[in-house]
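One structure below.
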Amino acid sequence: MLRHNEIAKVGVGRLCRLFGKSRQAFHQKASFAQERIAQSMLVLDLVAAIRREIPGLGTRKMYLLLQGSLQKSGIKMGRDRLHELLRAHHLLIRRRRGIPRTTHSDHLLRKYPNLIKELAVIETKQLWVADMTYICVGHDFNYLSLITDAYSKKIVGYCLHQFLSTEGCLKALEMALTTRTKKDNTLIHHSDRGVQYCSFEYVKKLRSAGIGISMTDSGEAYENQIAERVNGILKTEFKLNRIFKNHMEALLAVESSIRNYNILRPHMSCSYLPPALAHQSEAPLVKLWKRKPEKPLPAND
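According to my numbering, the sequence shown is numbered sequentially starting from 1.
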């Protein structure tokens, strides 16, 4: 391709005659190219402004948000062209293919036996179930540690931490311990076999509070069903499965969601009471849901 100074030496008119084009067409194409570059720079500025507010916004939704600004500026740009522009400037959002693991049980710390296989939970502060889940924050994750009373389904302790460390679990446990008034009853803490729950600091805190330590036999979700169910409710019904701009926005959403879960959401496992009222109720809680009948096994031929 000829450079601009080489074109000047050869002459525009001569080149146009060589390629069978008019001088007008040549100048129109040059003008169009400059205009397209200017439009692209403006669009990139608009994209940068939107990404400051919503860092994880993808091309499809970005295109919808840009429509008003593009029309005002007289820019005609389709979604495919926007996608290629973002690709050329390394601005495409790369979605993570998998979800982060919050349970790392392949460690040498002591793992405790499962104490709740045959346990009948008949009152509050008899069994706490603990678990961790991830919250999407920008291009990264924060980790939500939860401790739930298995009888009332009330979340008694929580912490949203920026790292997958023991510190977040400890803070959730410390919050839960402030709610404990029945120090004479036998309380069990049940969790998976993750390194956070097996750590020296966490086990020491449980033992000093006189709390029994129970862990799942494996990493299967059914061994900690209540905790997994609470995680699912917060993410689906309270929309904690969305992408937050930063840690503070995620924290405010977590606090609001847990407060509303405890105070407002009726639980079919607790006589349709919200967990906070179920936690205070002296009457036995009734499970109002019906277990789905198991499908019959196919007959042998």
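C-beta atoms are modelled at their ideal positions from N, C-alpha and C, and glycine is treated no differently.
Residues sharing a beta bridge with residue i, DSSP
i: I188; result: L127 and G212
i: C198; result: According to DSSP, which records beta bridges pairwise, C198 is partnered with nothing at all.
i: C136; result: F141
i: L146; result: D131 and Y158
i: L273; result: H267
Residue environment, residue i, which counts as buried when at least 16 other CB atoms sit within 10 Å
i: Y222; result: exposed
i: Y272; result: exposed
i: D301; result: Residue placement at D301 is poorly supported in this model, since its pLDDT is 36, which falls under 50; the coordinates are not used for a value here.
i: E282; result: exposed
i: T236; result: exposed
i: A303; result: As displayed, the chain neither begins before 1 nor continues past 301, which places residue 303 out of reach and without an answer.
i: L288; result: exposed
i: T181; result: exposed
i: K248; result: According to the sequence provided, residue 248 is Met. The question's Lys does not apply to it. Exposed, because fewer than 16 other Cβ atoms sit within 10 Å of the Cβ of M248.
i: I41; result: Per the sequence shown, residue 41 should be read as Met rather than Ile. Classification for M41: exposed.
i: L82; result: buried
i: N246; result: exposed
i: G168; result: buried
i: L240; result: buried
i: H302; result: Lying before the first or after the last residue shown, residue 302 is absent from the chain, which here runs from 1 to 301.
i: A172; result: buried
i: L187; result: buried
i: I263; result: exposed
CA nearest to the CA of residue i, picked from the options
i: L164; options: Q34, Y158, L173 and S145; result: S145
i: H69; options: I213, I93, L173 and L44; result: It should be noted that the sequence gives Ser, not His, for residue 69. Checking every option, the nearest Cα to that of S69 belongs to L44.
i: T179; options: Q162, E167, Y158 and S191; result: Y158
i: G212; options: L288, L115, A253 and L251; result: L115
i: I233; options: A250, K245 and H267; result: H267
i: A130; options: A176, R79, E123 and A49; result: A176
i: I93; options: S256, T124 and G138; result: G138
i: N185; options: E123, Q162 and F200; result: E123
i: Q126; options: S73, K205 and G210; result: G210
i: F238; options: S256, E249 and H247; result: S256
i: K76; options: K245, A250, Q39 and L288; result: Q39
i: I147; options: W128, C136 and F141; result: W128
i: Q67; options: L46, R51, Q225 and L240; result: L46
i: C80; options: Q71, Q225 and M62; result: Residue identity differs from the one stated: residue 80 is Asp in this sequence, not Cys. For the residues Q71, Q225 and M62, the minimum Cα distance to D80 belongs to M62.
i: R110; options: N224, Y261, N231 and S199; result: S199
i: F244; options: H90, Y143, V121 and T59; result: Y143
i: Q194; options: A120, L277, T133 and R265; result: It should be noted that the sequence gives Gly, not Gln, for residue 194. Per the Cα distances, T133.
i: S208; options: E174, N231, Y112 and N224; result: E174
i: P113; options: S214, K72, G78 and L91; result: S214
i: I135; options: N231, V203 and A150; result: N231
i: L85; options: R36, L64, Q71 and A150; result: R36
i: L119; options: H89, H90, D140 and A150; result: A150
Range of the contiguous beta strand (DSSP E) that encloses residue i
i: N262; result: Note, N262: premise wrong, no beta strand (DSSP E); alpha helix (DSSP H) at H247 to I263.
i: G157; result: I155 to H161
Endpoints, the alpha helix (DSSP H) within which residue i is located
i: N231; result: Q225 to T236
i: D80; result: R79 to A88
i: T178; result: T166 to T178
Supposed close pair residue i, residue j - CB separation, criterion 8 Å
i: K154; j: P275; result: 4 Å
i: T216; j: D192; result: 5 Å
i: L160; j: A48; result: Incorrect: roughly 28 Å between the Cβ atoms, too far for contact.
i: L379; j: K205; result: Missing from the structure shown is residue 379; the chain here goes from 1 to 301 and no further.
i: H279; j: S73; result: At roughly 57 Å, the Cβ-Cβ gap does not stay under 8 Å, so H279 and S73 are not in contact.
Cβ of residue i within 8 Å of any chain C Cβ
i: I135; result: Among the chains of the structure shown, chain C does not appear; only one protein chain is present.
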